[in-house]
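Only one structure is covered here, and it is reproduced in the block below.
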Amino acid sequence: MKQALVDDTEDVSLDFGSEEELAFPKAKIRHPLATFFHLFFRVSATVTYVCCDWFSRSFGGCFVTVLLLLSCDFWSVKNVTGSLLVGLRWRNQIDEDGKSHWIFEARKVSPHRPTATEAEVRIFWLSLIICPVIWIVFFFGTLFSLKLKWLALVTAGISLQAANLYGYVLCKMGGERDISKVTAGFLSHTVLPTVSGLPPGPALRALAVNKANGKWLPCPDHTHNNTTPNHFLTSLVFLEGRVRFQIG
Amino acid sequence: MAKAVESSGELGTTSPRPLMRDLKAVGKKFMHVLYPRKSNTLLRDWDLWGPLILCVTLALMLQRSSVDSEQDGGPQFAEVFVIIWFGAVTITVNSKLLGGNISFFQSLCVLGYCILPLTVAMLVCRLVLLAEQGPINFMVRLFVVIVMFAWSIVASTAFLADSQPPNRKALAIYPVFLFYFVISWMILTFTPQ
Numbered sequence: 003m004k005q006a007l008v009d010d011t012e013d014v015s016l017d018f019g020s021e022e023e024l025a026f027p028k029a030k031i032r033h034p035l036a037t038f039f040h041l042f043f044r045v046s047a048t049v050t051y052v053c054c055d056w057f058s059r060s061f062g063g064c065f066v067t068v069l070l071l072l073s074c075d076f077w078s079v080k081n082v083t084g085s086l087l088v089g090l091r092w093r094n095q096i097d098e099d100g101k102s103h104w105i106f107e108a109r110k111v112s113p114h115r116p117t118a119t120e121a122e123v124r125i126f127w128l129s130l131i132i133c134p135v136i137w138i139v140f141f142f143g144t145l146f147s148l149k150l151k152w153l154a155l156v157t158a159g160i161s162l163q164a165a166n167l168y169g170y171v172l173c174k175m176g177g178e179r180d181i182s183k184v185t186a187g188f189l190s191h192t193v194l195p196t197v198s199g200l201p202p203g204p205a206l207r208a209l210a211v212n213k214a215n216g217k218w219l220p221c222p223d224h225t226h227n228n229t230t231p232n233h234f235l236t237s238l239v240f241l242e243g244r245v246r247f248q249i250g
Numbered sequence: 034m035a036k037a038v039e040s041s042g043e044l045g046t047t048s049p050r051p052l053m054r055d056l057k058a059v060g061k062k063f064m065h066v067l068y069p070r071k072s073n074t075l076l077r078d079w080d081l082w083g084p085l086i087l088c089v090t091l092a093l094m095l096q097r098s099s100v101d102s103e104q105d106g107g108p109q110f111a112e113v114f115v116i117i118w119f120g121a122v123t124i125t126v127n128s129k130l131l132g133g134n135i136s137f138f139q140s141l142c143v144l145g146y147c148i149l150p151l152t153v154a155m156l157v158c159r160l161v162l163l164a165e166q167g168p169i170n171f172m173v174r175l176f177v178v179i180v181m182f183a184w185s186i187v188a189s190t191a192f193l194a195d196s197q198p199p200n201r202k203a204l205a206i207y208p209v210f211l212f213y214f215v216i217s218w219m220i221l222t223f224t225p226q
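Keeping their order, the protein sequence lines are chains A and B.
Terminal number for the first sequence in the working numbering: 250, no gaps in between.
Terminal number for the second sequence in the working numbering: 226, no gaps in between.
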């Protein structure tokens, strides 16, 4: 199982070369169902929240409906559309001694598998980014109009949508193949929190693969408090082979 | 859902995850709460779908039906939600500050799933309340709530106690006791009118 894990997490950036376009038939959307459901749950949750006063006067009914739609959206984006549309996946794994690891994976682009089209990728990322922003606007709306009973629902909405956004952004940013790309990526990772206001996040711990036998080796433990960039870069310099980012 | 695409089954690939696997995992955890044993399933394979379902069910059942449509159970509904999630988060933070080695989401998972006995108690209480009100009615409900409260405590202690160092167990369990006590109180004092 670990071997399969290792082989499939080679990460290549998702730019589409011309040979790929020739290999597969030109289609604007290759996964129509996945794209439709990716958008459907998010949009209908937002629309239901906005228009619930027109449909029914029951607070409980509206709350449950929006929450149900948000949960369906969270599940489908996390488990299905992410891997179908952009080949990314994030999850949590608890190993035998009880330690929890967050794993961010990106699928290797291979000529035998049709990847997603540009339109799908753009739809995926745009809706992933825009929807949490909309829910944050709703949050301030309920706060300032003092309709505080909706605050619980809006908070749930923000946390569910933002969790997916955070997970996929970390997938996209982590796990490059070359050391140079890793350091460049990591510098942008340190710049990004200051610029965009994303939280710096828990300590990053990189695991390296020993190419000979495919076993995971932990790199020197600089974690537990926020790892400074210098520590992280020095530990990367000593690593060989593929690096996979884990948030521990 | 049309997207329950079967993956090829390998954990290493980034193919879509089947829906049935998640549903079965949730059902298995419910069984583990009903029959608490020393097993690691709740801890190793955590998910928060079960707590969400239980929370929503409990909040729906604790709604008061009132005549006035303005006060249509709004505050009580969100109240239950906030109490459960905020309470669970507080207990988790407390247990982490005491030096427990359980992760944040694992603790939320256990606390959420162990609300199941109290949800069953709520169902029973609602059925009992359909009969005539009186002291016997109240005694029956009190008995049911106490039994289910004890069940919740036993179930959550079975999973959570191991994660704490021995001299801190009582300090970690005491907020769990309070949490389930508050929920039991809400259930016991519920009247439909």
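Using N, Cα and C, we set each Cβ at its ideal position, and we do this for glycine too.
Owing to the predicted nature of the structure, the values given are computational and were not obtained by experimental measurement.
- Per DSSP, Asn-170 of chain B is one residue of the alpha helix (DSSP H) stretching across 168 to 193.
- The beta-carbon of Phe-65 of chain A is placed less than 8 Å from the nearest beta-carbon of chain B.
- Residues of the region 136 to 164 of chain A with a Cβ closer than 7 Å to any Cβ of chain B, in chain order: Lys-151 and Ala-154.
- Put simply, the CB of Leu-69 of chain A is near chain B, with a gap under 8 Å to one of its CB atoms.
- Between the alpha carbons of Gly-169 of chain A and Arg-109 of chain A lies a distance of about 15 Å.
- Rounded to the nearest angstrom, the gap between the Cα atoms of Pro-51 of chain B and Arg-93 of chain A is 14 Å.
- Shown here for Pro-150 of chain B: same chain residues with a beta carbon closer than 6 Å to its own, the five before and five after excluded, namely Met-181, Trp-184 and Ser-185 in chain order.
- Within the same chain, and ignoring the five residues on either side of Pro-69 of chain B in sequence, the residues whose Cβ sits closer than 7 Å to its Cβ are Val-187, Ala-188 and Ala-191.
- Approximately 30 Å separates the beta-carbon atoms of Pro-225 of chain B and Thr-123 of chain B; this is outside 8 Å, ruling out the contact.
- Around Phe-114 of chain B, the beta-carbon contacts reaching into chain A at under 7 Å are Ala-154.
- Lys-80 of chain A is classed as buried because its beta carbon has at least 16 other beta carbons within 10 Å across all chains shown.
- In this structure, A:Phe-39 is the residue among A:Phe-140, A:Phe-39 and A:Ser-147 with its C-alpha nearest to the C-alpha of Gly-84 of chain A.
- Within a 10 Å sphere around the beta-carbon of Ala-203 of chain B sit fewer than 16 other beta-carbons, which makes this residue exposed.
- Neighbours of Arg-77 of chain B in chain A, taken as residues whose beta carbon is under 7 Å from its own, are Ile-96 in chain order.
- Contact between Val-89 of chain B and Val-156 of chain A is ruled out by a C-beta separation of about 16 Å, above the 8 Å threshold.
- No Cβ-Cβ contact shorter than 8 Å links Val-215 of chain B with Gly-145 of chain B.
- Shown here for Gln-197 of chain B: same chain residues with a beta carbon closer than 6 Å to its own, the five before and five after excluded, namely Gly-133 and Ala-205 in chain order.
- When the Cα atoms are used, Met-53 of chain B and Gln-96 of chain B turn out to be separated by approximately 31 Å.
- Annotation for Leu-87 of chain B: Gly-145, Tyr-146, Ile-148, Leu-149 and Thr-152 place their beta carbon closer than 8 Å to its own, counting only its chain and skipping 5 residues before and after.
- Here Ser-46 of chain A is not near Leu-70 of chain A, since their CB atoms are 8 Å or more apart.
- For Asn-166 of chain A, the uninterrupted alpha helix (DSSP H) run begins and ends at 153 to 175, by DSSP.
- Burial state of Pro-84 of chain B is buried, judged by a 10 Å Cβ sphere holding 16 or more other Cβ atoms.
- The C-beta of Ser-102 of chain A comes closer than 8 Å to at least one C-beta of chain B.
- In its chain, beyond the 5 residues on either side, Cys-54 have a beta carbon closer than 6 Å to the beta carbon of Cys-64 of chain A.
- Here DSSP, grouped into helix, strand and coil, assigns Ser-102 of chain A to strand.
- Pairing Gln-163 of chain A with Trp-137 of chain A gives a Cβ-Cβ distance under 8 Å.
- Annotated three-state conformation of Glu-120 of chain A is helix, per DSSP.
- Leu-90 of chain A is bridged by DSSP to A:Ala-108.
- The Cβ atoms of Leu-221 of chain B and Leu-175 of chain B sit closer than 8 Å to each other.
- Neighbours of Asn-170 of chain B across chain A, judged by C-beta separation under 7 Å, do not exist; the nearest C-beta is about 26 Å away.
- In the structure shown, the three-state DSSP call for Ile-96 of chain A is strand.
- Distance from the CA atom of Lys-129 of chain B to the CA atom of Gly-100 of chain A, rounded to whole angstroms, is 14 Å.
- Pairing Val-139 of chain A with Trp-118 of chain B, the inter-Cα distance amounts to about 23 Å.
- Leaving aside the five residues that flank Asp-97 of chain A on each side, the residues in its chain whose CB is nearer than 8 Å to its CB run, in chain order, His-103.
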